[in-house]
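Residue numbers (the working numbering), protein chains in the order written: chain A, 175 to 476; chain B, 57 to 332. What follows is a single structure, written as structure tokens, with notes after it.
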Amino acid sequence: MEKSTHQNRTARIKGKLEPYFYLLPTVALMALLLFVPIFLVISYSFYDNVIINDNPVWVGFENYATVLGDAIFVKSMKNTAIFVVLNVIFHLLIGMGFALMVNAKSLGPRPKAFFRIIYMLPWMFNATVIAILWKLLLNGSGVINYLLTTFHITEIPLEWLSDRSAALWVLTFINIWAGYPFYMISTLAGLQGIPDSLYESASIDGANGLQKFWHITLPQLRPILISIAMLDFIWTTQNFSLIWLLTAGGPAHATEMMSTYVYKTAFQSYQYSLASAAAVIILIACVILAIFYVRSQTRNDE
Amino acid sequence: MKTKRSFKILLWVGLILGALFSGLPVLWLFSSSFKSNPNIFAIPPKFIDESFNVQAYISVLTDPQKLRFFLNSYAIAAVVVCCTLIVAILAAYSFSRFNFPGKKIINTIIISMQAVPPITLLIPYLVLIVGLQIYDTYLALILTYMVFTLPYAILMMSGYMNTMPKELDEAVMIDGGSRFMALWRVLVPSAVPGMVSVGLYTFFQCWNEYLFALTLTKTNEMRTVPIGIASMMGQYAFHWNEIMAMSILGSLPVIVIVLFFQKYFIAGMTAGAVKM
Numbered sequence: 175m176e177k178s179t180h181q182n183r184t185a186r187i188k189g190k191l192e193p194y195f196y197l198l199p200t201v202a203l204m205a206l207l208l209f210v211p212i213f214l215v216i217s218y219s220f221y222d223n224v225i226i227n228d229n230p231v232w233v234g235f236e237n238y239a240t241v242l243g244d245a246i247f248v249k250s251m252k253n254t255a256i257f258v259v260l261n262v263i264f265h266l267l268i269g270m271g272f273a274l275m276v277n278a279k280s281l282g283p284r285p286k287a288f289f290r291i292i293y294m295l296p297w298m299f300n301a302t303v304i305a306i307l308w309k310l311l312l313n314g315s316g317v318i319n320y321l322l323t324t325f326h327i328t329e330i331p332l333e334w335l336s337d338r339s340a341a342l343w344v345l346t347f348i349n350i351w352a353g354y355p356f357y358m359i360s361t362l363a364g365l366q367g368i369p370d371s372l373y374e375s376a377s378i379d380g381a382n383g384l385q386k387f388w389h390i391t392l393p394q395l396r397p398i399l400i401s402i403a404m405l406d407f408i409w410t411t412q413n414f415s416l417i418w419l420l421t422a423g424g425p426a427h428a429t430e431m432m433s434t435y436v437y438k439t440a441f442q443s444y445q446y447s448l449a450s451a452a453a454v455i456i457l458i459a460c461v462i463l464a465i466f467y468v469r470s471q472t473r474n475d476e
Numbered sequence: 057m058k059t060k061r062s063f064k065i066l067l068w069v070g071l072i073l074g075a076l077f078s079g080l081p082v083l084w085l086f087s088s089s090f091k092s093n094p095n096i097f098a099i100p101p102k103f104i105d106e107s108f109n110v111q112a113y114i115s116v117l118t119d120p121q122k123l124r125f126f127l128n129s130y131a132i133a134a135v136v137v138c139c140t141l142i143v144a145i146l147a148a149y150s151f152s153r154f155n156f157p158g159k160k161i162i163n164t165i166i167i168s169m170q171a172v173p174p175i176t177l178l179i180p181y182l183v184l185i186v187g188l189q190i191y192d193t194y195l196a197l198i199l200t201y202m203v204f205t206l207p208y209a210i211l212m213m214s215g216y217m218n219t220m221p222k223e224l225d226e227a228v229m230i231d232g233g234s235r236f237m238a239l240w241r242v243l244v245p246s247a248v249p250g251m252v253s254v255g256l257y258t259f260f261q262c263w264n265e266y267l268f269a270l271t272l273t274k275t276n277e278m279r280t281v282p283i284g285i286a287s288m289m290g291q292y293a294f295h296w297n298e299i300m301a302m303s304i305l306g307s308l309p310v311i312v313i314v315l316f317f318q319k320y321f322i323a324g325m326t327a328g329a330v331k332m
């Protein structure tokens, strides 16, 4: 009797601890390699000369004041904002446009599968490959300049990525090209989830194609479009690789982004404290975006 | 009838313009990899010119240094896929089959970790990785990629397990099996499609990662394919055809995944945005 209650109790305690046991590897990894680094980078941002200096000095918000007072950082924030907003808008438009075309009723299954694969192509290549491919295409003697000069759209070949007034727009264009497939695929999945009966009853009521799109397709896709747009906001704000490989923030900071600013400040100027402050500013921006994202997700759940 | 016909024409014009937009640059990538280097910028440009050859591929595949990049990338991705899957399945099991204090908050923290920008973590990572004395090793990249892929993998796996009836594991436990047995013998085998999606997603992320591979490794013995491709831009006097051949070889696994495992890949990539 005694023994069995004892056994019951240990079994109960064990049962209560069991879910935590399964979470242990996750929590341990995330604690070591997410929470500790976040804590470290925040603390670095309040000290002077961290990492290089053995005894860094607490300077409060001084690093933040320096970074936010740096014209280049302000410019990088402006560039990031332009880059992100244009990317999200065009990803959405192109991704949704392609999805609607591929999903058109009059398209047979074979052309449908064919165009879906073609439209997914940019997704199959990583930032390094995309950067090198566009460097080849946009080269002074490359095929794009050949076409532009042959058809007299421009008279002389342009160095698209080293032109101060063009570089940011070219970079944005390339990232739009690289990123829309995710929208297209998500929109396609969403389109397949819209019940046919909605369209049928609308047809009975005499609605035309545009009305059906406006009153059925768009409202039904809304939750998906909002959540991918928010993910895209977060991801594009963090983008580093493609920008680094194409322009590295140049020429003359014309394409400087918050991410390239952090990288240069840390690993080229070795000003880790300032870089940490800038990195924390990006973190704050992304956390704000993430709060909106999590809210919209939990609202969908309810 | 007439509007239907013109709609169809418009649709095909749109489809073809879209295909040119996404397909032409990729076609040029392939075509350039089969040219000899002096012909890369030949005028007028041709998709297939008289210099058509596979020399660029041979040079890449016979260069031990470049093969090492591939080996590194495959090895790291394979280990990360396995480890992330194991850790994510355990965590997903906990979220999907138990109710416990703190469940909601832990779940929310894991989800929100996806928003932490890698660039923010870069500086402290370097300090930690050097401190752990694993700088310039496989382990540094394996741990990093696990942490980056875990939140999404857990989210996807618990979503998948939630769709599986609890009667499945209860049947095992009635027969006297432990919970762990239920997970291992029943849930895991029936969760294979979900695991394939998570695995492909994880592979995709590891294979393409650039920033941490650049920062946490320094010797060519440890560097991965993206860094290898990028470094060809610097050190060579632009052997464009070889760079393009290396790019294609470096994209091959993802191309194969998209072509042959499209369903699983798409399910894996879009789970965050689209409710399954």
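Here a beta-carbon is modelled for each residue, glycine too, at the ideal position from N, C-alpha and C. For clarity, every value in this text was computed on a predicted model and none was experimentally measured.
task = Spell out the partners DSSP gives residue 221 of chain A in its beta bridges.
result = A:232
message = If I follow the unbroken alpha helix (DSSP H) through residue 120 of chain B, where does it start and stop?
response = 120-153
ask   = CA-CA distance, residue 284 of chain B and residue 189 of chain B?
value = Looking at the two C-alpha atoms, the distance is approximately 24 angstroms.
message = Tell me the rounded alpha-carbon separation between residue 271 of chain B and residue 187 of chain A.
response = 45 angstroms
request  = Check the Cβ-Cβ distances between residue 84 of chain B and every residue of chain A, and say whether any is below 8 angstroms.
outcome  = Yes - at least one Cβ of chain A is within 8 angstroms of the one on residue 84 of chain B.
query = Would a check of beta-carbon distances place residue 228 of chain B closer than 8 angstroms to chain A?
reply = no
request  = State the CB to CB distance for the pair residue 88 of chain B and residue 296 of chain B, rounded to an integer number of angstroms; the pair is presumed to be in contact (CB under 8 angstroms).
outcome  = 6 angstroms
inquiry  = Any beta carbon from chain A within less than 8 angstroms of residue 243 of chain B's own beta carbon?
reply    = Closer than 8 angstroms: no.
key: Residues of the segment 251-273 of chain A with Cβ closer than 9 angstroms to any Cβ of chain B, in chain order   = 268, 271 and 272
query = Would you say residue 334 of chain A faces chain B, with C-beta separation under 8 angstroms as the test?
reply = no
task = Take residue 351 of chain A as the anchor and find which of A:284, A:454, A:418 and A:307 has the nearest alpha-carbon.
result = Comparing Cα-Cα distances from residue 351 of chain A to each of A:284, A:454, A:418 and A:307, the minimum goes to A:307.
request  = Give me the Cα-Cα distance between residue 189 of chain A and residue 394 of chain A, rounded to the nearest whole angstrom.
outcome  = Cα to Cα, the separation comes out at about 43 angstroms.
key: residue 298 of chain A versus B:304, B:267, B:129 and B:70, residue with shortest Cα-Cα distance   = B:304
task = Answer yes or no: does any C-beta atom of chain A fall closer than 8 angstroms to that of residue 125 of chain B?
result = no
message = Using CA atoms only, rank isn't needed, just tell me which of B:126, B:77, B:86 and B:148 is closest to residue 214 of chain B.
response = B:148
message = Quick check on residue 126 of chain A: buried or exposed, where buried means 16 or more other Cβ atoms within 10 Å of its Cβ?
response = Nothing about residue 126 of chain A can be reported from this structure: the residues present for chain A run from 175 to 476 only.
inquiry  = Could you check whether the segment 166-179 of chain B touches the segment 433-445 of chain A, counting it as contact only if at least three pairs of C-beta atoms, one from each stretch, sit closer than 8 angstroms?
reply    = yes
ask   = Along the chain, which unbroken stretches of the alpha helix (DSSP H) at least 4 residues long are found entirely within the segment 146-206 of chain B?
value = 159-168 and 174-187
query = What does a CB cutoff of less than 8 angstroms around residue 342 of chain A pick up in its chain, not counting 5 residues either side in sequence?
reply = 253, 256, 257, 428 and 429
key: Rounded separation between residue 209 of chain A and residue 445 of chain A - CA only   = The alpha-carbon of residue 209 of chain A is positioned some 23 angstroms away from that of residue 445 of chain A.
message = Please return the same chain residues whose Cβ sits closer than 8 angstroms to the Cβ of residue 240 of chain A, not counting the five positions on each side in sequence.
response = 448 and 451
Buried versus exposed, by CB contacts within 10 Å (16 or more), residue 290 of chain B = Label assigned to residue 290 of chain B: exposed.
inquiry  = So, at 7 angstroms on beta carbons, what are the nonlocal neighbours of residue 459 of chain A in its own chain, with the 5 sequence-adjacent residues on each side left out?
reply    = 411
inquiry  = Using the three-state DSSP reduction, which class does residue 316 of chain B fall into: helix, strand or coil?
reply    = helix
inquiry  = Once DSSP output is grouped into helix, strand and coil, what is the label at residue 66 of chain B?
reply    = When secondary structure is reduced to three states using DSSP, residue 66 of chain B falls in the helix class.
Test item: CB-CB of residue 273 of chain A and residue 361 of chain A under 8 angstroms = yes
ask   = Where does residue 331 of chain B fall in DSSP's three states?
value = Residue placement at residue 331 of chain B cannot be trusted, given a pLDDT of 44 that sits under 50; the coordinates are not used to answer.
task = Could you check if residue 301 of chain A is buried or exposed, using at least 16 other CB atoms within 10 Å of its CB as the buried criterion?
result = buried
ask   = residue 361 of chain A lies in the alpha helix (DSSP H); which residues open and close that run?
value = 341-366
Proximal residues, the segment 216-227 of chain B versus chain A, C-beta separation under 8 angstroms = Against chain A - using a Cβ distance shorter than 8 angstroms - the segment 216-227 of chain B contributes no residues.
inquiry  = Can you tell me whether residue 379 of chain A is buried or exposed? The criterion is at least 16 other CB atoms within 10 Å of its CB, across all chains shown.
reply    = exposed
query = In or out: residue 367 of chain A buried (at least 16 other Cβ within 10 Å) or exposed?
reply = Counting Cβ neighbours within 10 Å, residue 367 of chain A comes out exposed, since fewer than 16 surround it.
ask   = Tell me which same chain residues have a C-beta within less than 6 angstroms of the C-beta of residue 201 of chain B, skipping the five on either side of it?
value = 136 and 262
query = In chain order, what residues of the segment 364-397 of chain A put their CB closer than 7 angstroms to some CB of chain B?
reply = The residues in question are 364.
ask   = At what residues does the alpha helix (DSSP H) containing residue 397 of chain A begin and finish?
value = 392-412
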